[in-house]
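Visitor: The structure follows.
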Amino acid sequence: MASDTFYLRQTPLVVLLPPRARAGVLGWLRANLFSSPFNIGLTAICVILIAWVVPPLLRFLLVNATWSGDRAACLPSADNPHPGACWAFVRVWLSYFVYGFYPIAQRWRVDLFFVALAFGIGWLAWLRAPRRDVAALYFFVVLPVLSLILLCGFPLIGLPGVSTVLWGGVLVTIVVATVGMVCSLPLGILLALARRSQIPVVKWLAVMFIEFVRGVPLITVLFMASVMLPLFVPEQLSPDKLLRALIGVAMFASAYMAEVIRAGLIAIPRGQYEAAQALGLGYWRTTALVVLPQALRVTLPNIVNVFIALFKDTTLVFIVGIFDFLRTIEAARGDPRWTSPIVSITGYAFAALFYFVCCYGMSRYVHGMERRLARRSG
Amino acid sequence: MADIARSSAARPSRRHARNIGNLALQVALVAIVLGLIAAAAHNAAVNMAKANIAHGFGFWNNTAGFDISQALVGYSASASTFGRAFWVGLLNTLLVSAVAIVLSTALGFIIGIARLSHNWLVSRLAGGYVELIRNIPLLLQILFWYNAVLKSLPELKGSVTLPFGGFLNNRGLFLPKPVFAPDFSAVVIALAIGVACALALRIWARRRQERTGEQVYLLGPTLALIVGLPFIVFLVAGKPLTFGIPDMGRFNIRGGLEILPEFAALLIALSVYTAAFIAEVVRAGVLAVPAGQTEAAQALGLRSTTTLRLVVVPQAMRMIVPPLTSQYLNLTKNSSLAVAIGYPDLVQVFAGSVLNITGQAVEVIAITMAVYLSISLVTSLLMSLYGRMVAVVER
Amino acid sequence: MVQGSTDAADEKARPEVAVEIAGLNKWFGEFHVLRDINLNVARGERIVICGPSGSGKSTLLRCINHLEDWQTGRIVVDGIELNDDPRQIVAVRRDVGMVFQHFNLFPHLTVLENCTLAPIWVRQMPKRDAEAVAMKYLERVRIPEQAEKYPARLSGGQQQRVAIARALCMNPNIMLFDEPTSALDPEMVKEVLDTMVGLASDGITMLVVSHEMGFARQVADRVMFMADGQILEINEPKAFFAHPQHERTRLFLQQILH
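This is the structure we're talking about:
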């Protein structure tokens with residue numbers, strides 16, 4: 002042992018690259034797919050699954066698909082015995098899917114609304130954009146007024162009125178989602194603050210509203226808004242169908258938003274309140290200047306998550322007779338001139354693509370934001 | 184000094200003022216809420232009188248007069264009441280929710296664990312499933328399964344014949360219906376005895392391990408007791424079970440067990456959709472157990488299955504149970520989308536048919552909401568009890 | 010020198026070298042984290058390993074009970090060669106106790122259950138015997154009165170002492186300590202170090218990754234300095250601290266002693 006006791010390295014070792022079998026593509030394959038018999042079995046099952054699902058799916062959606070023509074072109078024929086998706090159907094009906102029965106001459110107003118909305122969302126979503134406070138003002142005040150004038154019409158300035166009965170498709174889906182968002186954020190903040198209030202009546206009213214709405218399915222809230230609401234107001238004030246659904250969606254979203262924001266409020270350390278009070282700020286100033294900005298920043302990912310859920314939930318207005326995007330697909334699919342199983346599948350595939358692109362895009366955005374937040378705090 | 188004196192003198196009076204302000208606010212709020220309710224009630228009374236709609240819950244005992252395609256308890260359009268229809272709808276909601284909960288839990292756990300796999304392909308596939316399914320609205324998925332898949336099955340004439348005498352067509356799935364002879368109760372008793380014995384065996388094995396340290400593997404004996412024993416009794420009793428084979432007529436299928444396409448579509452969509460969320464819950468729960476826990480167990484010489492069973496799973500389950508329950512609640516609430524495809528659940532039967540016939544929107548919607556609300560409240564009560572129990576255990 | 014509870018026949022069979030590491034190389038991806046490590050640890054020897062963070066000292070320790078895999082080289086622990094065979098790995102782990110920087114106690118089990126888990130499930134000990142052994146070691150680390158509590162109720166120092174007791178319950182021949190005091194509040198470091206000094210006087214083989222130089226002076230047979238994944242210097246504590254030979258060692262000692 003004595004000879005072993007002392008050791009001194011004279012020359013530093015060179016840094017070597019890992020042995021080939023353990024690195025590179027082969028090493029990666031070995032470690033990730035073929036590390037044990039069990040893993041090899043799993044890999045084989047997955048490969049079989051992919052081979053079973055993906056080629057027929059691609060064949061249906063792309064290779065054998067019909068890209069133009071009418072219904073007859075989509076049916077099995079001599080030169081296309083196994084027809085794929087009927088994209089011709091989507092082409093023919095596309096403008097209906099986007100605008101519903103909105104008068105063709107007035108559709109530029111819808112396009113303008115889409116542009117104005119996209120501008121607002123882009124401004125708000127780009128975290129390093131200049132003057133995001135102005136963006137918020139634009140999104141929550143200017144945009145709603147502008148949209149109302151644009152879409153419903155304002156004869157005084159030469160925009161003829163367009164009844165909401167004619168609205169449909171993506172337009173309605175976007176309107177429902179946006180109204181839900183624009184209303185639920187301020188209402189959610191108020192409800193969350195109320196739930197944390199020291200004043201018993203305020204607190205209990207908020208708790209009752211939030212727990213009630215969260216305890217029942219959205220569809221019953223929509224039923225309530227569409228069937229009960231007209232009973233509760235004088236006949237001449239009875240809101241139109243779309244407005245009733247919007248009220249239901251806004252109520253529903255507010256309750257969920259309130260809980261998300263409340264979680265953010267709870268996360269604010271007590272020291273922040275104490276520091277603000279020590280500076281002589283009252284309740285409203287403490288809340289508006291110190292607490293809310295921080296709470297909203299940490300809950301931003303969850304706010305977008307609520308919005309993703311809301312966006313998917315807009316499809317439920319379908320059930321109370323509103324022509325949203327999904328309902329227009331259903332209507333077109335059921336058109337006797339087109340109806341066929343392949344047309345149905347194509348319609349649903351198109352709808353799924355639309356919702357997936359929107360929701361997945363938003364969830365990627367949330368993911369990026371969460372990583373940003375984690376980096377900043379870590 | 185003067186400042187301090189003044190501020191301390193000012194403080195009580197300011198607090199006093201604030202208290203009065205708060206009180207006034209509360210009184211005003213209560214007044215506003217009560218006023219709104221009164222106005223709504225008044226308007227409702229006027230509007231309903233104008234439309235000639237009755238009020239009160241008297242309709243409950245009136246004859247319903249409409250058909251329901253699936254009823255777990257006896258129901259007929261001409262003899263049953265609206266109250267009976269309510270129970271039929273509620274039972275259908277509970278049936279589809281319960282079965283979907285079982286299926287989505289199984290699928291969700293498999294996919295959640297697959298997402299954690301070291302096998303790149305497995306975890307990617309599971310991740311793809313989760314992202315695809317949860318970013319497409321449930322209603323769209325229900326419509327897809329119903330209209331594009333089940334309703335495009337062949338008509339009655341071209342029914343797909345399944346093994347053991349079943350049929351599949353666009354009217355549903357028709358399976359042999361088990362008919363239990365009276366002797367079958369012996370099998371049930373045998374099963375009960377088997378389960379009891381398996382439990383007793385488990386307790387005995389644990390005692391023995393505590394005493395001697397020896398471990399016994401119980402999978403074989405447990406299976407023998409729970410599956411083998413009832414099976415032997417079944418054979419001995421002379422197979423007291425026959426199947427009512429569905430009989431294909433010219434216009435319909437008679438006999439057998441009929442599974443409506445509405446039920447199947449809703450069940451598949453709910454299970455597939457909720458499984459994606461459960462998978463995320465499971466993954467998050469397992470990831471919440473620090474890697475150090477596994478390392479510590481392994482450093483003590485525990486094998487990886489034992490480590491999972493004794494260290495990882497108990498900790499992960501505590502993280503999983505509360506969000507899992509809220510997924511079950513979501514599933515139950517989502518089952519109300521049945522109305523879109525006409526599965527006779529509570530909303531379709533009650534808030535749909537009954538509302539249309541009676542026109543009593545306020546009462547009908549209130550009852551429907553009360554049902555979901557009580558399910559939610561009972562569940563959250565149970566969850567808060569669970570939370571307190573877990574907290575006590577770890578103190 | 011060797012622990013009292015193992016029987017004499019066993020003792021003779023055991024080799025004089027407790028841990029033998031030869032030509033060990035490990036990469037994390039492309040990063041060469043352990044470079045040509047050669048080390049023999051004699052039975053009953055106590056080695057303190059120090060070095061800047063990221064030098065690979067914890068990784069080296071974690072290779073000895075195969076918590077980390079490596080690419081080339083061999084490790085023999087108590088005559089058992091570690092390879093991919095799970096049985097060999099479990100056999101080594103039964104024999105090697107480990108104490109972690111962050112304790113890693115099982116929060117869902119009481120202190121006593123933490124200590125009896127492995128004896129019951131790995132050594133197949135009757136529960137009563139396992140509890141007796143556990144109480145013996147809990148007394149040894151001077152917290153028998155906390156046996157029924159859950160770890161969350163204990164202070165950091167107490168938790169680390171439970172972790173030591175938990176490892177000792179398996180009756181290990183070799184103990185690995187991975188920075189056992191660096192996650193502790195200063196006032197709790199001493200109670201843990203005292204426990205470890207007590208262990209050292211029992212003659213158990215110890216490998217300790219630590220920056221507690223007082224501890225190294227007091228109990229170490231050899232002190233080892235690692236940097237950039239290589240062993241730069243090994244010496245007896247007196248010489249190591251008085252006349253560090255390698256320039257990096259001198260620099261390191263200057264930094265941590267002041």
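Residue numbers (the working numbering), protein chains in the order written: chain Y, 2 to 379; chain G, 184 to 578; chain P, 10 to 267. All C-beta atoms, glycine included, are put in the ideal place defined by N, C-alpha and C.
1. Here's a check: name, in chain order, each residue in its chain whose Cβ is nearer than 7 Å to the Cβ of P:Ile152, leaving out the five neighbours to either side.
2. I'd like to know whether the C-beta atoms of G:Leu564 and G:Ile284 end up nearer to each other than 8 Å.
3. Quick one: list the residues of chain G neighbouring P:Gln289, beta-carbon separation under 9 Å, in chain order.
4. 8 Å is my cut-off, CB to CB: does Y:Met229 come that close to chain G?
5. On the DSSP letters alone, give me the boundaries of the alpha helix (DSSP H) that Y:Gly181 sits inside.
6. Assign G:Tyr555 to buried or exposed, taking buried as 16 or more other Cβ atoms, counted over all protein chains shown, within 10 Å of its Cβ.
7. Would you mind giving the Cβ-Cβ distance between G:Ala462 and G:Ala309, rounded to the nearest angstrom? I have them listed as a contact below 8 Å.
8. If we ignore side chains and look at the alpha-carbon of each, how far apart do P:Val105 and P:Ile73 end up?
9. At least one CB of chain Y closer than 8 Å to the CB of G:Pro527: is that the case?
10. Here's a check: name, in chain order, each residue in its chain whose Cβ is nearer than 7 Å to the Cβ of Y:Leu327, leaving out the five neighbours to either side.
11. Please confirm if Y:Glu236 has its CB atom under 8 Å from at least one CB of chain G.
12. Name the DSSP bridge partner or partners of G:Val437?
13. Would you check if the distance between the CB atom of P:Pro253 and the CB atom of P:Leu266 is smaller than 8 Å?
14. Going by Cα to Cα distance, which pick from G:Asn245, G:Ala254, G:Leu273 is closest to G:Ser149?
15. How many Å lie between G:Gln531 and P:Ile129 at the Cα?
16. Find the residues of chain G that neighbour P:Ala156, judging by a C-beta separation of less than 9 Å, and give them in chain order.
17. Go ahead and pull the three-state DSSP assignment for G:Asn539.
18. So Y:Pro452 and Y:Met370 are supposed to be a Cβ contact under 8 Å. How far apart are they, rounded?
19. Which residue marks the beginning of the beta strand (DSSP E) containing P:Arg55, and which one marks its end?
20. First and last residue of the beta strand (DSSP E) that includes P:Thr258?
21. If P:Leu43 sits next to P:Asn49, beta carbons under 8 Å apart, how far is it from one beta carbon to the other, in whole angstroms?
22. Measuring alpha carbon to alpha carbon, tell me which of Y:Phe233, Y:Leu192, Y:Cys75, Y:Ala195 ends up nearest G:Leu219.
23. Given this structure, state the Cα-to-Cα distance separating G:Val332 from G:Val455, to the nearest angstrom.
24. Should P:Arg257 be flagged as near chain G, meaning a C-beta pair shorter than 8 Å?
25. Any idea which residues DSSP pairs P:Glu200 with across the strands?
26. Please report whether the beta-carbon of P:Thr81 lies at a distance below 8 Å from any beta-carbon of chain Y.
27. Which residues in chain Y have a C-beta closer than 7 Å to the C-beta of G:Ile284? List them in chain order.
28. List the residues of chain Y whose Cβ lies closer than 8 Å to the Cβ of P:Gln227, in chain order.
29. Which residue spans inside the stretch 436-513 of chain G form an unbroken beta strand (DSSP E) run of at least 3?
30. If we ignore side chains and look at the alpha-carbon of each, how far apart do Y:Arg365 and Y:Gly123 end up?
31. What's the gap between the Cα of Y:Arg245 and the Cα of Y:Val143?
32. Would Y:Pro398 pass as an interface residue toward chain G - the criterion being a Cβ-Cβ separation below 8 Å?
33. With a threshold of 7 Å on Cβ separation, who are the neighbours of G:Ser509 within its own chain once the five nearest residues in sequence on each side are excluded?
34. Using three-state DSSP, classify Y:Ala226 as helix, strand or coil.
35. Nearest chain P C-beta to Y:Pro19 closer than 8 Å, yes or no?
36. Pick from P:Asn47, P:Glu29, P:Glu25: whose alpha carbon is nearest that of P:Leu241?
Guide: According to the structure shown:
1. Gln167, Arg170, Val171
2. no
3. The first residue shown for chain P is 10 and the last is 267, placing residue 289 of chain P beyond what the model contains.
4. yes
5. 171-196
6. buried
7. 7 Å
8. 8 Å
9. no
10. Thr316, Phe319, Ala352
11. yes
12. Looking at the sequence shown, residue 437 of chain G is not Val but Arg. G:Arg437 pairs with G:Asp430.
13. no
14. Here chain G covers residues 184 to 578 and nothing more, so residue 149 of chain G does not appear.
15. 57 Å
16. By Cβ distance, chain G contributes nothing, its closest Cβ being about 15 Å from P:Ala156, past 9 Å.
17. helix
18. Since the displayed chain Y opens at 2 and closes at 379, residue 452 of chain Y lies outside it and no answer follows.
19. 55-59
20. Element bounds for P:Thr258: not the beta strand (DSSP E) but the alpha helix (DSSP H), 256-266.
21. Not quite, the Cβ-Cβ distance comes to about 16 Å (not below 8 Å), so this is no contact.
22. Y:Phe233
23. 15 Å
24. no
25. Answer is none; P:Glu200 lacks a bridge partner.
26. yes
27. Correct list: empty, because the minimum Cβ distance to chain Y is about 16 Å.
28. Going along chain Y, no residue has its Cβ under 8 Å from P:Gln227, so there is no contact; the nearest lies around 18 Å.
29. 440-442
30. 15 Å
31. 23 Å
32. Only positions 2 to 379 of chain Y appear in the structure, and residue 398 of chain Y is not among them; the question remains open.
33. none
34. helix
35. yes
36. P:Asn47
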